[in-house]
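Numbering (this note's numbering), first residue to last: 2 to 393.
Remarks on the structure that follows.
Structure, rendered in structure tokens:
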């Protein structure tokens with residue numbers, strides 16, 4: 002009886018194990034996750050591709066003239082203020098001209114004095130010429146008379162030059178606009194003293210034409226090789242965040258700017274400003290169109306970075322997870338076919354940072370490319386944390 006009891010117990014355990022195994026495999030067959038539960042996919046489509054490079058910049062007038070003074074003095078009158086339109090030659094301010102007027106009068110008096118000396122020297126020379134012809138004076142006395150006349154002529158030329166300089170200084174006390182435009186800055190007030198001893202002080206800044214402006218932007222050296230004169234660009238400013246403005250590349254300057262070992266190049270873009278709403282100094286966010294491909298096959302950039310999990314251990318002994326490439330743009334994508342990822346080599350074109358054009362490869366519009374995983378590798382392999390049997 003004891004033998005039969007043991008035999009029956011062994012068969013019961015074996016039968017129980019077989020039933021458990023069958024139930025487990027039946028559960029797995031009924032609960033196999035579909036591909037959409039494992040992978041995240043996006044569709045390959047046809048679309049327009051526009052590649053751009055971006056940088057920040059500053060709006061500036063095409064011509065910004067700094068108005069200064071060549072003489073020192075106290076501001077007596079102001080005729081121009083901020084935002085005022087001025088014409089070329091229009092008076093902007095006047096300095097106190099009392100000292101310069103006195104200098105002009107002094108120079109005029111000096112000329113009259115030297116002119117009298119010259120008249121006397123000429124008369125004396127004429128008399129000496131007559132007396133020398135009559136042999137009443139020597140040649141030396143005649144030469145002295147000629148020298149006195151020439152000296153007086155030199156003195157009057159010097160006095161006339163001094164008068165011209167004093168008159169110029171007097172004229173400099175009236176500051177006029179060198180161009181037609183708009184006053185964007187005024188640096189002085191009535192009663193303020195300006196000194197032109199070492200460098201010309203800045204009194205006004207005049208923008209010649211605000212309907213035409215420029216953007217000066219610094220582009221990274223990695224991008225500047227793609228920029229060409231004539232390329233179209235769009236930009237925005239903080240003052241009008243809901244609007245986009247157009248610009249055209251006018252110049253790529255060769256002189257680099259180096260800060261903290263970062264090299265950038267100044268790119269100048271022309272801007273039309275007919276509404277006069279763009280103002281000098283505004284920060285602009287510029288995107289230059291460097292390449293276009295209309296109606297081209299494209300894939301999401303996430304698909305280029307995706308790699309399926311590898312059945313191998315990493316250096317620390319842990320299982321490798323789904324990973325992204327760390328060595329630059331991918332040259333293949335994974336397409337979901339019959340529930341499995343299939344690697345498809347592709348040749349890539351331009352990118353807009355969201356999609357990348359596909360120039361060649363076994364891809365067509367409508368294919369589902371894998372862009373990521375929906376669950377960890379362990380759950381993918383087991384079909385999720387399903388029923389587990391434990392045998393004793």
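Cβ coordinates follow ideal geometry from the N, Cα and C atoms, glycine included.
Alpha carbon of residue i to alpha carbon of residue j, nearest angstrom
{"i": "residue 62", "j": "residue 192", "result": "30 angstroms"}
{"i": "residue 346", "j": "residue 337", "result": "14 angstroms"}
{"i": "residue 233", "j": "residue 222", "result": "19 angstroms"}
{"i": "residue 39", "j": "residue 364", "result": "22 angstroms"}
{"i": "residue 159", "j": "residue 181", "result": "37 angstroms"}
{"i": "residue 239", "j": "residue 85", "result": "25 angstroms"}
{"i": "residue 144", "j": "residue 111", "result": "26 angstroms"}
{"i": "residue 339", "j": "residue 305", "result": "20 angstroms"}
{"i": "residue 332", "j": "residue 55", "result": "25 angstroms"}
{"i": "residue 190", "j": "residue 76", "result": "7 angstroms"}
{"i": "residue 329", "j": "residue 249", "result": "Note on residue 329: pLDDT 40, under 50, position unreliable in the model; no value is reported."}
{"i": "residue 124", "j": "residue 101", "result": "35 angstroms"}
{"i": "residue 317", "j": "residue 261", "result": "Any answer about residue 317 is weak, because its pLDDT of 35 lies below 50 and its placement is not dependable; what the coordinates show is given next. Their backbone Cα atoms lie some 37 angstroms apart in a straight line."}
{"i": "residue 342", "j": "residue 46", "result": "19 angstroms"}
{"i": "residue 140", "j": "residue 129", "result": "9 angstroms"}
{"i": "residue 88", "j": "residue 195", "result": "24 angstroms"}
{"i": "residue 135", "j": "residue 175", "result": "59 angstroms"}
{"i": "residue 115", "j": "residue 183", "result": "48 angstroms"}
Same chain only: Cβ atoms within 6 angstroms of residue i, ignoring 5 sequence neighbours per side
{"i": "residue 253", "result": "228 and 268"}
{"i": "residue 360", "result": "348 and 350"}
{"i": "residue 166", "result": "none"}
{"i": "residue 188", "result": "203 and 204"}
Pair within 8 angstroms by beta-carbon distance, residue i and residue j
{"i": "residue 64", "j": "residue 217", "result": "no"}
{"i": "residue 357", "j": "residue 350", "result": "yes"}
{"i": "residue 70", "j": "residue 201", "result": "yes"}
{"i": "residue 206", "j": "residue 185", "result": "yes"}
{"i": "residue 236", "j": "residue 198", "result": "no"}
{"i": "residue 271", "j": "residue 215", "result": "yes"}
7 angstroms Cβ shell around residue i - same chain, five flanking residues per side excluded
{"i": "residue 373", "result": "41, 303 and 307"}
{"i": "residue 126", "result": "146, 147 and 150"}
{"i": "residue 344", "result": "333 and 335"}
{"i": "residue 51", "result": "290, 293 and 353"}
Closest by C-alpha distance to residue i, when choosing among the options
{"i": "residue 279", "options": "118, 247, 258 and 79", "result": "247"}
{"i": "residue 211", "options": "277, 153 and 284", "result": "277"}
{"i": "residue 67", "options": "95, 177 and 77", "result": "177"}
{"i": "residue 104", "options": "274, 343, 172 and 209", "result": "172"}
{"i": "residue 73", "options": "148, 96 and 270", "result": "96"}
{"i": "residue 225", "options": "188, 284, 370 and 288", "result": "288"}
{"i": "residue 369", "options": "355, 354, 299 and 353", "result": "299"}
{"i": "residue 292", "options": "156, 354 and 341", "result": "354"}
{"i": "residue 294", "options": "273, 49, 155 and 197", "result": "49"}
{"i": "residue 153", "options": "121, 179, 170 and 128", "result": "121"}
{"i": "residue 98", "options": "140, 141 and 78", "result": "78"}
{"i": "residue 352", "options": "290, 344, 335 and 375", "result": "290"}
{"i": "residue 57", "options": "375, 245, 219 and 334", "result": "219"}
{"i": "residue 275", "options": "213, 242, 297 and 244", "result": "213"}
Counterpart residues of residue i in DSSP-defined beta bridges
{"i": "residue 342", "result": "337"}
{"i": "residue 246", "result": "236"}
{"i": "residue 205", "result": "68 and 187"}
{"i": "residue 427", "result": "Coverage of the chain is limited to positions 2 through 393, which leaves residue 427 absent and any answer about it impossible."}
{"i": "residue 214", "result": "62 and 272"}
{"i": "residue 55", "result": "288"}
{"i": "residue 374", "result": "40"}
{"i": "residue 361", "result": "348"}
Contacts around residue i, its chain only, beta-carbon distance under 8 angstroms, and the 5 residues preceding and following it disregarded
{"i": "residue 257", "result": "222, 264, 265 and 266"}
{"i": "residue 371", "result": "40, 41, 42, 304, 307, 309, 334, 335, 336, 337 and 342"}
Test: residue i CB closer than 8 angstroms to a CB of chain B
{"i": "residue 187", "result": "The structure shown contains no chain B; it holds only a single protein chain."}
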